[in-house]
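As structure tokens, the structure follows; a few thoughts come after it.
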Amino acid sequence: MSMQQQIYSKLADAIACKHLNVINESHMHSRGHESHFKVIVVSDKFAGQRLLQRHRLINEVLKEELANHIHALAIHTYTPEEYADQHGEVPDSPSCLGGSKFDSE
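Mapping of the sequence shown onto UniProt numbering: residues 1 to 105, in sequence order.
In structure tokens:
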């Protein structure tokens, strides 16, 4: 299973998503490793939660991947209403400044 599929599966199992998208952005940064991702998670679970609480949930679900495989993870979390207000648009991921443990390979 690819890292992209693994991230998708873990998030889908942990959170009742109305919309879930995992985008592999490694080609823009990495030297052939699946290490840079953007996740877009839309869930009613986020209602009443601050951004930090939402991100902590994502980080907890992907704890093992973040510790061992992922160099960069752009997280975009929305309630269905917030996502509709955004018209399904999410910000671009920031540029990678390097420093990946994979750079020395």
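Every residue, glycine too, gets a C-beta built ideally from N, C-alpha and C.
This structure is a prediction, so every number in the text was calculated from the model and none was measured.
Would you kindly report the start and end of the unbroken alpha helix (DSSP H) that includes residue i?
{"i": "R12", "result": "The amino acid at residue 12 is misidentified as Arg; the sequence shows Ala. Its alpha helix (DSSP H) spans residues M3 to A14."}
Can you list, in chain order, the residues of its chain whose CB lies under 6 Å from that of residue i, leaving out five sequence neighbours each side?
{"i": "N21", "result": "I40"}
{"i": "A14", "result": "V61"}
So, is residue i buried or exposed, given that buried needs 16 or more other C-beta atoms within 10 angstroms?
{"i": "R50", "result": "exposed"}
{"i": "D103", "result": "Per-residue confidence for D103 stands at a pLDDT of 49, beneath the threshold of 50, marking its modelled position as unreliable; the derived number appears in the next sentence. Per the 10 Å Cβ criterion, exposed."}
{"i": "residue 151", "result": "This structure cannot settle anything about residue 151, because the visible part of the chain is limited to 1 through 105."}
{"i": "E34", "result": "buried"}
{"i": "R56", "result": "exposed"}
{"i": "S9", "result": "exposed"}
{"i": "H36", "result": "buried"}
{"i": "H71", "result": "buried"}
Short of 7 Å in beta carbon distance, which residues of its chain neighbour residue i, apart from the five on each side in sequence? Order them along the chain.
{"i": "L66", "result": "N59 and L73"}
{"i": "N24", "result": "Q4, E34 and F37"}
Among the residues of its own chain, which have a CB less than 8 Å from the CB of residue i, if the five just before and after it don't count?
{"i": "C16", "result": "Cys is not the amino acid found at residue 16; the sequence shown has Ala there. Excluding positions up to five away in sequence, the list reads S43, D44 and K45."}
Hey, which unbroken runs of the alpha helix (DSSP H) at 4 residues or more fall wholly within the segment 22-102? 51-61, 63-68 and 80-85
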